[in-house]
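The block underneath contains the structure these notes are about, expressed in structure tokens.
There are 2 protein chains.
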Amino acid sequence: MVSPTSPVVNIYPLSSYTFGMKEPKMEKDTSVADRLARMKVNYMKEGMRTSVEAILLVQEHNHPHILLLQIGNTFCKLPGGRLKPGENEIEGLKRKLSSKLAANSLAHQPNWQIGECAAVWWRPNFETVMYPYCPPHITKPKECKKLFVVHLSEREYFAVPKNLKLLAVPLFELYDNVQRYGPVISTIPQQLSRFQFKMVNS
Amino acid sequence: MVSPTSPVVNIYPLSSYTFGMKEPKMEKDTSVADRLARMKVNYMKEGMRTSVEAILLVQEHNHPHILLLQIGNTFCKLPGGRLKPGENEIEGLKRKLSSKLAANSLAHQPNWQIGECAAVWWRPNFETVMYPYCPPHITKPKECKKLFVVHLSEREYFAVPKNLKLLAVPLFELYDNVQRYGPVISTIPQQLSRFQFKMVNS
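Protein chains in written order, with full-length UniProt numbering: chain A, 1 to 202; chain B, 1 to 202.
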């Protein structure tokens with residue numbers, strides 16, 4: 001039997017991290033329809049899509065904040081992306097985090113410590129809607145997306161693609177805000193509630 | 001670093017459990033106002049209220065269902081309740097589960113195996129609203145409620161108080177249904193999404 005103690009996450013102030021800029025990372029698709037069509041083509045070739053995303057935590061005023069990438073003026077997403085066929089999910093998430101947030105110089109790679117799985121979402125059809133379970137009667141889901149808590153070191157340098165903005169959004173802003181952040185990101189506060197956050201003020 | 005593998009929960013068919021009836025367990029309060037007033041009195045005597053609740057899982061048609069206690073025709077709650085001052089949360093949850101769902105005979109006590117903490121909710125004020133984090137600037141929360149996954153054995157006998165109904169509600173019914181189940185119960189599917197459910201068909 002698993003012990004019911006809560007995992008501990010150290011959270012450092014936003015100000016202990018340094019942010020720079022790098023070349024743009026454009027979205028592969030310019031519309032939702034294009035995106036779903038590309039998913040379908042990939043599914044025919046490689047089967048179910050597996051994607052991994054990171055919950056990166058910082059604190060301001062002793063309240064946890066999550067780092068989100070903003071595209072344009074409204075759409076926000078977690079850093080992460082699709083695994084290659086057969087790729088290990090931890091290694092794949094490190095690769096995706098470096099591609100989205102690390103400097104190009106190999107000397108400046110953040111120490112990505114991939115921690116606990118926080119949630120798993122399923123896409124039953126080639127549609128935008130996802131569920132936190134595989135719905136009954138769905139034998140061939142089209143995507144499985146896993147969210148992991150990443151334990152950041154006390155100091156890091158992040159390089160943000162020019163076309164994106166990196167935002168630190170407080171839990172109280174995400175909570176109950178499905179209109180702005182969608183069903184996956186707006187329920188991160190509930191998924192994180194079992195953790196013990198240790199606010200480290202350096 | 002914690003390994004990011006998902007915990008496994010065996011889930012047995014609803015039909016492998018037996019249900020009986022026992023004497024009614026009345027609610028202590030007849031209105032929300034009474035309940036909040038009683039909370040205030042207890043807070044003055046004992047400090048922050050700590051409550052523990054159980055997520056009991058069964059399956060039907062290979063889909064996970066949660067056992068909820070229904071009071072009257074609409075209100076549903078998880079089995080559980082308030083800890084005594086200083087009481088251990090695991091022991092306290094076992095005590096509450098036996099009081100709500102076990103036969104009075106000590107020979108028929110279910111094997112309550114209290115597992116993972118699934119979520120923690122905070123009540124900042126003597127009001128009904130709770131949050132999955134302690135809101136900033138709240139130094140004296142009035143209640144902390146913890147939800148635990150309980151690993152049921154393959155066969156058990158449950159005795160349900162006469163004035164309550166025990167319902168097995170599928171995850172797909174809870175999901176995105178805050179109107180019917182409230183914010184705590186309706187996001188249980190997201191909190192459980194990280195688990196690997198093993199449907200055992202006996």
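Note that the Cβ used here is the ideal one computed from N, Cα and C, for glycine as well.
If you're wondering where the values come from, they're calculated on a predicted model, not measured in any experiment.
Beta carbon proximity, residue i to chain A, threshold 8 Å
i: cysteine 76(B); result: no
i: valine 120(B); result: yes
i: proline 132(B); result: yes
i: leucine 67(B); result: no
i: asparagine 62(B); result: yes
i: tyrosine 43(B); result: no
i: proline 110(B); result: no
i: proline 161(B); result: no
i: cysteine 117(B); result: yes
i: arginine 155(B); result: no
Cβ pair residue i, residue j closer than 8 Å
i: leucine 14(B); j: valine 58(B); result: yes
i: proline 24(A); j: lysine 162(A); result: yes
i: glutamate 143(B); j: arginine 49(B); result: yes
i: methionine 199(B); j: isoleucine 11(B); result: yes
i: lysine 9(B); j: phenylalanine 197(B); result: According to the sequence shown, residue 9(B) is valine rather than lysine. Yes, these two residues count as a Cβ contact at 8 Å.
i: lysine 100(A); j: glycine 92(A); result: no
i: lysine 22(B); j: valine 160(B); result: yes
i: leucine 36(A); j: glutamate 154(A); result: no
i: alanine 54(B); j: glycine 80(B); result: yes
Minimum Cβ-Cβ distance from residue i to chain B less than 8 Å
i: glutamine 179(A); result: no
i: proline 13(A); result: no
i: serine 6(A); result: yes
i: leucine 171(A); result: yes
i: glutamine 190(A); result: yes
i: asparagine 88(A); result: no
i: proline 124(A); result: no
i: threonine 139(A); result: no
i: arginine 49(A); result: no
i: tyrosine 175(A); result: yes
i: valine 2(A); result: Because the pLDDT of valine 2(A) is 42, which lies under 50, any placement of that residue in the model is unreliable, and the number read from its coordinates should be weighed accordingly. With 8 Å as the cut-off, valine 2(A) counts as an interface residue toward chain B.
i: threonine 18(A); result: no
i: threonine 187(A); result: yes
i: arginine 38(A); result: no
i: serine 193(A); result: yes
i: proline 79(A); result: no
i: proline 85(A); result: no
i: proline 135(A); result: yes
Rounded C-alpha distance that separates residue i from residue j
i: leucine 167(A); j: threonine 74(A); result: 12 Å
i: isoleucine 66(A); j: valine 169(A); result: 5 Å
i: arginine 123(B); j: alanine 102(B); result: 29 Å
i: serine 16(A); j: asparagine 104(A); result: 21 Å
i: serine 186(B); j: histidine 108(A); result: 43 Å
i: alanine 33(B); j: tyrosine 43(B); result: 15 Å
i: arginine 180(A); j: glycine 20(A); result: 26 Å
i: lysine 28(A); j: lysine 94(B); result: 52 Å
i: leucine 78(A); j: threonine 18(A); result: 19 Å
i: proline 64(A); j: isoleucine 90(A); result: 23 Å
i: glycine 182(B); j: lysine 96(B); result: 22 Å
i: leucine 56(B); j: leucine 106(A); result: 48 Å
i: methionine 26(B); j: phenylalanine 158(B); result: 18 Å
i: valine 2(B); j: threonine 30(B); result: Reliability of the predicted coordinates at valine 2(B) is poor, the pLDDT of 42 falling under 50, and the value obtained from them is presented with this limitation in mind. Going by the C-alpha atoms only, they are around 45 Å apart.
i: threonine 139(A); j: aspartate 176(B); result: 22 Å
i: serine 98(A); j: lysine 165(A); result: 16 Å
i: asparagine 62(A); j: valine 184(B); result: 24 Å
i: proline 141(A); j: tryptophan 121(A); result: 10 Å
i: glutamate 156(B); j: asparagine 201(B); result: 15 Å
i: glutamate 60(B); j: glutamate 46(B); result: 42 Å
i: lysine 146(A); j: asparagine 111(A); result: 20 Å
i: glycine 86(A); j: leucine 68(A); result: 27 Å
i: histidine 137(A); j: asparagine 125(B); result: 43 Å
Residues bridged to residue i [DSSP beta-bridge criterion]
i: asparagine 111(A); result: Per DSSP, none; premise fails for asparagine 111(A).
i: serine 31(B); result: DSSP lists no partner for serine 31(B).
i: threonine 18(A); result: Tyr157(A)
i: threonine 50(B); result: Cys144(B)
i: leucine 166(A); result: Leu69(A)
i: tyrosine 131(A); result: Trp122(A)
i: lysine 198(A); result: Asn10(A)
i: isoleucine 55(A); result: Val149(A)
i: histidine 63(A); result: Glu60(A)
i: glycine 80(B); result: Glu53(B)
Interface flag, residue i vs chain C, CB-CB below 8 Å
i: arginine 82(A); result: Among the chains of the structure shown, chain C does not appear; the protein chains present are A and B.
- Touch test, the stretch 109 to 121 of chain A against the stretch 145 to 153 of chain A, Cβ-Cβ under 8 Å, three pairs minimum: Taking a cut-off of 8 Å on C-beta distances, the stretch 109 to 121 of chain A touches the stretch 145 to 153 of chain A, as three or more cross pairs fall below it.
- Task: Could you say if the stretch 178 to 198 of chain A and the stretch 189 to 199 of chain B meet the contact criterion of at least three C-beta pairs nearer than 8 Å?
- Result: With the cut-off at 8 Å, the stretch 178 to 198 of chain A and the stretch 189 to 199 of chain B touch.
- So does the stretch 170 to 182 of chain A actually touch the stretch 122 to 141 of chain B, counting three or more Cβ pairs closer than 8 Å? Yes, the stretch 170 to 182 of chain A touches the stretch 122 to 141 of chain B.
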